[in-house]
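Chains as they are written, first to last, in the numbering used here: chain A, 3 to 90; chain B, 3 to 90; chain C, 3 to 90; chain D, -5 to 63; chain E, -5 to 63; chain F, -5 to 63.
Backbone N, C-alpha and C fix where the C-beta goes; we use that ideal spot for every residue, glycine too.
Every value quoted in this text rests on a predicted model; they were computed, and no experiment measured them.
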Amino acid sequence: MSDFENLTGNDKELQEFLMIEKQKAQVNAQIHEFNEICWEKCIGKPSTKLDHATETCLSNCVDRFIDTSLLITQRFAQMLQKQSSGGM
Amino acid sequence: MSDFENLTGNDKELQEFLMIEKQKAQVNAQIHEFNEICWEKCIGKPSTKLDHATETCLSNCVDRFIDTSLLITQRFAQMLQKQSSGGM
Amino acid sequence: MSDFENLTGNDKELQEFLMIEKQKAQVNAQIHEFNEICWEKCIGKPSTKLDHATETCLSNCVDRFIDTSLLITQRFAQMLQKQSSGGM
Amino acid sequence: SMRQQIALANAQQMLGKITVNCFRKCIDRPGTSLARAEERCLVQCMDRFMDSLKVVSITYSRRLMRETK
Amino acid sequence: SMRQQIALANAQQMLGKITVNCFRKCIDRPGTSLARAEERCLVQCMDRFMDSLKVVSITYSRRLMRETK
Amino acid sequence: SMRQQIALANAQQMLGKITVNCFRKCIDRPGTSLARAEERCLVQCMDRFMDSLKVVSITYSRRLMRETK
Chain A
3 MSDFENLTGN DKELQEFLMI EKQKAQVNAQ IHEFNEICWE KCIGKPSTKL DHATETCLSN
63 CVDRFIDTSL LITQRFAQML QKQSSGGM
Chain B
3 MSDFENLTGN DKELQEFLMI EKQKAQVNAQ IHEFNEICWE KCIGKPSTKL DHATETCLSN
63 CVDRFIDTSL LITQRFAQML QKQSSGGM
Chain C
3 MSDFENLTGN DKELQEFLMI EKQKAQVNAQ IHEFNEICWE KCIGKPSTKL DHATETCLSN
63 CVDRFIDTSL LITQRFAQML QKQSSGGM
Chain D
-5 SMRQQIALAN AQQMLGKITV NCFRKCIDRP GTSLARAEER CLVQCMDRFM DSLKVVSITY
55 SRRLMRETK
Chain E
-5 SMRQQIALAN AQQMLGKITV NCFRKCIDRP GTSLARAEER CLVQCMDRFM DSLKVVSITY
55 SRRLMRETK
Chain F
-5 SMRQQIALAN AQQMLGKITV NCFRKCIDRP GTSLARAEER CLVQCMDRFM DSLKVVSITY
55 SRRLMRETK
């Protein structure tokens, strides 16, 4: 009985571990996607130092990309709502 | 026995459902691939309306892309045939 | 007993087959990645023949890409080493 | 339900593609907030992207029907 | 057989890459049918793509051998 | 351990992205060996790529915190 409980305990731990790792992997993939897009927008020829203007551009780029994603998701939700209320 | 048949029935239904969903997913992926390529070919700066010329370009683009795919597959089949008959 | 050994034998064969196929698939994916990058670097409008300059460009491109990959991996290993020895 | 999960995944995939493509087209130098003109461009771009998906789908299904006849 | 399925999948992957890359290079403004010049370009492009794959494979395997020596 | 395997896979993914992006930026016409200027460019490019990843990560986590507040 206690062995079984133990197993269940380990299973829960393993599941939690896997869930956290999955979330970390998603955040990681997200960061790489942002970096791909913002590197393209902000970096020309690489120089000896990340100058202030480039750093600002990168930081703004991530924030504006997230703004864009939110804007587009919101508008899509509105379109769905209008469609379903128009269909009544 | 009837329970078993039932299970088999459900399994078939589930398999059919999954197969149809897989096909739909493939068509969907295909549409997104076409759109990626034709958006690049036909759309400059987005405007207030999809004008007629752009619509024609998109539609032609999909058809010519499929023509291209068929042409290349046919030519590859011919090359394989020539190779295997040449090897005799 | 002999049946069991047989099964194990088959399992080993299957595992070996799968491992070799996996390696081949990795080499294949690698070749397609190199080709994607070097096609972009070396090929303009396709002509009637692969001329000598283009062939040299493609071959150099693969070798320099591998050099780049080695250079970057080495530098990363050095950075890790410096970090861990600096942290002592 | 499973059907809803699939529909949701499809919508998310599409919205992801719209976000990347329209960000590339509409945001030249990212500033401290989305400018009015950028927002307008994004909204138009989203509408055109969905128009484009519609045209592509129709052309593709027409072709599929012709080819399998 | 499994081996054949793998070979088929590889060929399909290659043909897909040829289609995308050569369509991009050869079709500027898609018309109501493939023009003669476009077809010629596609055929040449396919041949060059396969030449290129061959050069890349040879160079890569030569390098692999040198590195593992 | 599993944790180490994940860290290794992450590092390999990052190094792969650096290789592709910096090769594109730094090697114009590939020659018979890496030129001095090309090596310098690659090293700088790698450093800037990692700087960039850092800025992007910080901005993203700041934003995640703001949005979930």
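Mark E32 (chain F) as exposed unless 16 or more other C-beta atoms lie within 10 angstroms of its C-beta, in which case mark it buried. For the purposes of this step, residue 32 (chain F) is taken as residue 38 along the sixth sequence, with counting starting at 1. That one is buried.
Per the contact definition of three or more C-beta pairs closer than 8 Å, is the segment 7 to 22 of chain E in contact with the segment 42 to 59 of chain D? Output reads no: the segment 7 to 22 of chain E does not touch the segment 42 to 59 of chain D.
Taking 7 Å as the cut-off, is the C-beta of F78 (chain C) nearer than that to any heavy atom in the ligand MN? The ligand MN is absent from the structure shown, which contains no ligands of any kind.
With 16 as the cutoff for other CB atoms within 10 Å, does K63 (chain E) come out buried or exposed? Locating residue 63 (chain E) in the fifth sequence gives position 69, where the first residue counts as 1. Flag for K63 (chain E) reads exposed.
Reducing DSSP to helix, strand and coil, say where D53 (chain A) ends up. Your numbering for residue 53 (chain A) matches position 51 in the first sequence. If DSSP states are grouped into helix, strand and coil, D53 (chain A) belongs with coil.
Any chain A beta carbon closer than 8 Å to T53 (chain F): Start at 1 with the first residue of the sixth sequence, and residue 53 (chain F) comes out as number 59. It does; some Cβ of chain A falls within 8 Å.
Just to confirm the assignment, what range does the alpha helix (DSSP H) spanning R23 (chain E) have? Here residue 23 (chain E) refers to the residue found at position 29 when the fifth sequence is read from its first residue. No alpha helix (DSSP H) contains R23 (chain E), which DSSP labels as neither H nor E.
Inter-residue spacing [alpha-carbon to alpha-carbon] between Q76 (chain A) and M40 (chain D): Position 74 of the first sequence, counted from the first residue, corresponds to residue 76 (chain A). Position 46 of the fourth sequence, counted from the first residue, corresponds to residue 40 (chain D). Rounded to whole angstroms, Q76 (chain A) to M40 (chain D) spans 12 Å at the Cα level.
According to DSSP, simplified to helix, strand and coil, what is I45 (chain B)? Residue mapping note: residue 45 (chain B) aligns to position 43 of the second sequence, counting from 1. I45 (chain B) falls in the coil class under three-state DSSP.
Less than 8 Å between the CB atoms is what I'm expecting for R23 (chain E) and C59 (chain B), so what's the real figure, rounded? In the fifth sequence, residue 23 (chain E) corresponds to position 29, counting from 1. In the second sequence, residue 59 (chain B) corresponds to position 57, counting from 1. So it is a contact: roughly 7 Å between Cβ atoms.
Check whether the segment 27 to 43 of chain C touches the segment 51 to 61 of chain E, taking contact to mean three or more Cβ pairs, one atom from each stretch, closer than 8 Å. yes
Give me the Cβ distance between L36 (chain F) and I74 (chain C), rounded to the nearest whole Å; I'm assuming they're in contact under 8 Å. Working through the sixth sequence from its first residue, we reach residue 36 (chain F) at position 42. Working through the third sequence from its first residue, we reach residue 74 (chain C) at position 72. Rounded, the Cβ-Cβ distance is 7 Å, consistent with contact.
Limits of the unbroken alpha helix (DSSP H) element including K63 (chain D): Numbered from its first residue, the fourth sequence carries residue 63 (chain D) at position 69. No alpha helix (DSSP H) contains K63 (chain D), which DSSP labels as neither H nor E.
Alpha carbon of T56 (chain A) to alpha carbon of I21 (chain D), nearest angstrom: On the first sequence, position 54 is the one that residue 56 (chain A) refers to. On the fourth sequence, position 27 is the one that residue 21 (chain D) refers to. Going by the C-alpha atoms only, they are around 16 Å apart.
Using three-state DSSP, classify S(-5) (chain E) as helix, strand or coil. The residue you call residue -5 (chain E) lines up with position 1 of the fifth sequence. Coil at S(-5) (chain E), not helix or strand.
Residues, ordered as in the chain, of the segment 37 to 52 of chain F that lie near chain C by beta-carbon distance below 7 Å: V37, M40
Determine, using beta carbons only, whether S71 (chain A) comes closer than 8 Å to chain D. By 1-based counting over the first sequence, the position of residue 71 (chain A) is 69. Yes, because at least one Cβ of chain D sits closer than 8 Å to the Cβ of S71 (chain A).
If we define contact as Cβ-Cβ less than 8 Å, is L2 (chain E) a contact residue for chain B? To locate residue 2 (chain E), count along the fifth sequence from 1; it is residue 8. For L2 (chain E), the answer is no, since every Cβ of chain B falls outside 8 Å of its Cβ.
Where does F43 (chain F) land, buried or exposed, given buried means 16+ other C-beta within 10 angstroms? Taking the first residue of the sixth sequence as position 1, residue 43 (chain F) is located at position 49. By the C-beta density criterion, F43 (chain F) is buried, having at least 16 other C-beta atoms within 10 angstroms.
With H, G and I counted as helix, E and B as strand and the rest as coil, what does DSSP make of A29 (chain E)? Sequence index remark: in the fifth sequence, residue 29 (chain E) carries index 35 (1-based). In this structure, A29 (chain E) counts as coil in the three-state DSSP scheme.
Report the rounded CA-to-CA distance for E7 (chain A) versus L20 (chain A), giving the unit in angstroms. By one-based count along the first sequence, residue 7 (chain A) stands at place 5. By one-based count along the first sequence, residue 20 (chain A) stands at place 18. With a pLDDT of 49 at E7 (chain A), under the threshold of 50, the modelled position of this residue cannot be trusted, and the question is left open.
Which chain B residues are close to R(-3) (chain E), counting only those with a beta carbon under 8 Å from its beta carbon? Within the fifth sequence, residue -3 (chain E) is the residue found at index 3, counting from 1. Per Cβ cutoff of 8 Å: no residues; R(-3) (chain E) is ~16 Å from chain B at best.
Give the secondary structure of S71 (chain A) by DSSP, where H, G and I count as helix, E and B as strand, and everything else as coil. Translated into the one-based positions of the first sequence, residue 71 (chain A) becomes position 69. Helix, per DSSP.
May I have the straight-line CA-CA distance separating R56 (chain D) from K47 (chain B), to the nearest angstrom? What you label residue 56 (chain D) is simply residue 62 of the fourth sequence in a count that begins at 1. What you label residue 47 (chain B) is simply residue 45 of the second sequence in a count that begins at 1. Near 28 Å, if we compare the C-alpha coordinates of K47 (chain B) and R56 (chain D).
So is I22 (chain A) buried or exposed if we call it buried at 16+ other beta carbons inside 10 Å? Here residue 22 (chain A) corresponds to residue number 20 of the first sequence, with the count starting at 1. It is exposed - the Cβ of I22 (chain A) has fewer than 16 other Cβ atoms within 10 Å.
Kindly list, in the order they appear in chain D, the residues whose Cβ is closer than 7 Å to that of T50 (chain A). Within the first sequence, numbered from 1, the residue matching residue 50 (chain A) stands at position 48. Correct list: empty, because the minimum Cβ distance to chain D is about 23 Å.
Which whole-angstrom value describes the C-beta separation of L28 (chain D) and R66 (chain A), a residue pair presumed to lie in contact below a C-beta threshold of 8 Å? As a position in the fourth sequence, residue 28 (chain D) is number 34, starting the count at 1. As a position in the first sequence, residue 66 (chain A) is number 64, starting the count at 1. Rounded, the Cβ-Cβ distance is 6 Å, consistent with contact.
Within 10 angstroms of the Cβ of C61 (chain C), are there 16 or more other Cβ atoms? Answer buried if so, exposed if not. Translated into positions along the third sequence, residue 61 (chain C) becomes position 59. It is Ser, not Cys, that sits at residue 61 (chain C) in the sequence shown. Looking at its Cβ environment, which holds 16 or more other Cβ atoms inside 10 Å, S61 (chain C) is buried.
Should T50 (chain B) be labelled buried (16 or more other beta-carbon atoms within 10 Å of its own) or exposed? Counting from 1 along the second sequence, the entry for residue 50 (chain B) is found at position 48. So T50 (chain B) ends up on the exposed side.
Using the Cα positions of A79 (chain A) and E42 (chain B), report the straight-line distance between them to the nearest angstrom. For the purposes of this step, residue 79 (chain A) is taken as the residue at position 77 of the first sequence. For the purposes of this step, residue 42 (chain B) is taken as the residue at position 40 of the second sequence. Cα to Cα, the separation comes out at about 26 Å.
Amino acids of chain B, ordered along the chain, whose beta-carbon sits closer than 8 Å to that of E33 (chain E): Within the fifth sequence, numbered from 1, the residue matching residue 33 (chain E) stands at position 39. Near E33 (chain E) (Cβ distances below 8 Å), the residues of chain B are L73.
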